[in-house]
Amino acid sequence: MRITAAVLENAGGPFTLQQIDLADPGPDEVLVRVHSVGICATDLEFANFFPTPAVLGHEGSGVVEQVGDRVTGVSPGDHVAMSFTSCGDCPLCRGGNPAYCRRFDAVNFTGRRPDGSTALSRDGQPVNGHFLGQSSFASHVVAPARAVVPISKEVDLGVVGPFGCGFGTGAGAVLNVLRPEVGSSLVVFGAGAVGVAAILAARVAGCAVVAAVDVNAGKLDTARLLGATHGVNSTDGDPRELLTAIAPHGFDVAIDTTGREDVLRLAVESLGPLGRCGVVGIGPSEQMSFEWRSVLNGRSITGIIGGSSLPQVFLPKLLDLHAAGNFPVDRLITRFPFAQINEAVAALRSGEVGKAVLTL
Ligand SMILES: [Zn+2]
Ligand SMILES: [Zn+2]
Numbered sequence: 161m162r163i164t165a166a167v168l169e170n171a172g173g174p175f176t177l178q179q180i181d182l183a184d185p186g187p188d189e190v191l192v193r194v195h196s197v198g199i200c201a202t203d204l205e206f207a208n209f210f211p212t213p214a215v216l217g218h219e220g221s222g223v224v225e226q227v228g229d230r231v232t233g234v235s236p237g238d239h240v241a242m243s244f245t246s247c248g249d250c251p252l253c254r255g256g257n258p259a260y261c262r263r264f265d266a267v268n269f270t271g272r273r274p275d276g277s278t279a280l281s282r283d284g285q286p287v288n289g290h291f292l293g294q295s296s297f298a299s300h301v302v303a304p305a306r307a308v309v310p311i312s313k314e315v316d317l318g319v320v321g322p323f324g325c326g327f328g329t330g331a332g333a334v335l336n337v338l339r340p341e342v343g344s345s346l347v348v349f350g351a352g353a354v355g356v357a358a359i360l361a362a363r364v365a366g367c368a369v370v371a372a373v374d375v376n377a378g379k380l381d382t383a384r385l386l387g388a389t390h391g392v393n394s395t396d397g398d399p400r401e402l403l404t405a406i407a408p409h410g411f412d413v414a415i416d417t418t419g420r421e422d423v424l425r426l427a428v429e430s431l432g433p434l435g436r437c438g439v440v441g442i443g444p445s446e447q448m449s450f451e452w453r454s455v456l457n458g459r460s461i462t463g464i465i466g467g468s469s470l471p472q473v474f475l476p477k478l479l480d481l482h483a484a485g486n487f488p489v490d491r492l493i494t495r496f497p498f499a500q501i502n503e504a505v506a507a508l509r510s511g512e513v514g515k516a517v518l519t520l
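If you want the numbering used here, it's the position in the sequence shown, counting the first as 1, plus 160.
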């Protein structure tokens, strides 16, 4: 079928809207008509080196139109959120940890299915896709059934896309991995969509102190509005001193969403004894360094992919929290028409918007 997709022609962008071809779903795949799709920092990062021409996008939501012969549990007409995919066969997938699938990169980041084929083409030539199980910067997606999560038809499809990545990543780091105790202290570095999702989850978990650190005053205002007890603008002084004033004995939990070496160091060094630092950001730094003494006293550092979630279990729970008013992410979202994808990317890069969602 002919679809409309935002094609990345050259590394670094921009995206151009084009008519391209999409093959029928394979036996283990589904065809989804995309309703809306969030733009995530990972799209912008991969746009710099993903093999082109390509279609990116991995925070899609929509309606299932067709399912392959072997697909069970999803039917045409179902509303779905889309998430990352996984092989389903390795010990980590079988153990309920698909975010750490042994073939995670092969099935999510090569631009092709594991057999080397792609559902996308233009003038008979292959177009790379299958990005994080989706490539949802498009009117339609052929996705592995493993990558879609059926959701209630009551839920606004315009909100759920980012639950599959950004919101699920931040909330999952807190609720699935770090699991702070009631009354504990938590600090989040970077108050973007992932960071604010972590802050909302920290409130759900009953943290008494929830600090947000950023350089953007507007983002800190949003973080405070949504539940951060403290907003720390690291341009206002020595961030170490500002954090010590909030948690004199160090934080129980720290989360880095920035992937910047200096921030990662600050996150680790802001911990108290037995403190745990979750690293969720993909950022500009290749390395992280800190004084070895800073991990004594039982401190630990954990890398977390996709909120360590089993999307089919975790996303419905998170959507239930949202429906009950306990995970109010709507305020973070700014909607753009699909045709304005490049404007949305610019607004995201400048920090003007927290989470850009394209509406198809
Ligand atoms: Zn696997
Ligand atoms: Zn993402």
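Ideal Cβ positions, reconstructed from N, Cα and C, are used throughout, including at glycine. No experiment lies behind these values; they were computed from the predicted model shown.
Nearest C-alpha to V337 among V215, P322 and A362: A362. Here the alpha carbon of A357 sits roughly 11 Å from the alpha carbon of T417. Set against 6 Å, the gap from the CB of C200 to the closest heavy atom of ligand 2 is smaller. Per DSSP, P213 lies in no alpha helix (DSSP H) and is assigned neither H nor E.
Beta-bridge annotation (DSSP): Q226 is paired with L191. For S221, the shortest C-beta to heavy atom distance toward ligand 1 is 6 Å or greater. Looking at E205, G255, G330 and I465, the one whose alpha-carbon comes closest to that of A372 is G330. With fewer than 16 other Cβ atoms inside 10 Å of its own Cβ, N208 counts as exposed. Distance check between G438 and each of E446, S277, P322 and G466 places G466 closest, using alpha-carbon atoms only. Short of 7 Å from the beta carbon of G256, and not among the five residues preceding or following it, lie these beta carbons of its own chain, in chain order: L470. Scanning its chain for C-beta atoms nearer than 6 Å, with the 5 sequence neighbours on each side dropped, one finds around A414 the residues V347, A427, S430, L431 and C437, in chain order. If the five residues before and after V423 are omitted, its C-beta is found closer than 7 Å to the C-beta atoms of F349 and D416, all from its own chain and listed in chain order. With contacts defined as CB atoms closer than 7 Å, V440 and I464 qualify as a contacting pair. At least one heavy atom of ligand 1 falls within 6 Å of the beta-carbon of R263. Among the bridge pairs identified by DSSP, F349 is matched with V373 and D416.
Assigned with DSSP and collapsed to three states, R453 falls in helix. Separation of the CB atoms of V240 and V308 is rounded to 4 Å, and the pair is thereby assigned contact status at 8 Å. For G248 against R306, the beta-carbon gap comes to about 6 Å, under 8 Å, which counts as contact. As DSSP reads the structure, D181 sits in a beta bridge with R162 and S281. In this structure, G228 lies near D188, with their beta-carbon atoms less than 7 Å apart. The shortest CA-to-CA distance from R230 to any of G222, P185 and A259 is the one to P185.
Between T245 and V267, the C-beta gap is smaller than 7 Å, which places the two residues in contact. Here DSSP, grouped into helix, strand and coil, assigns T270 to coil. With contacts defined as CB atoms closer than 7 Å, S468 and A259 qualify as a contacting pair. Per DSSP, G248 lies in no alpha helix (DSSP H) segment and is marked neither H nor E. Of F297, A407, R272 and W452, the smallest CA-CA separation from S344 is found for A407. With 16 or more neighbouring CB atoms inside 10 Å of its own CB, E219 falls in the buried class.
Counting only the Cα atoms, F269 lies some 35 Å from S454. A residue is called buried once 16 or more other Cβ atoms fall within 10 Å of its Cβ, and V302 is buried on that count. The three-state reading of DSSP puts R363 in helix, counting H, G and I together. Within the chosen limit of 6 Å, ligand 1 does not reach the beta carbon of S510 with any heavy atom. Taking 6 Å as the cut-off, the C-beta of C367 does not count as close to any heavy atom of ligand 1.
Note on V190: 16 or more other CB atoms within 10 angstroms of its CB, so buried under the neighbour-count rule.
Between F175 and I501, the C-beta spacing is below 7 Å. According to DSSP, residue pairing for H300 in a beta bridge involves R193.
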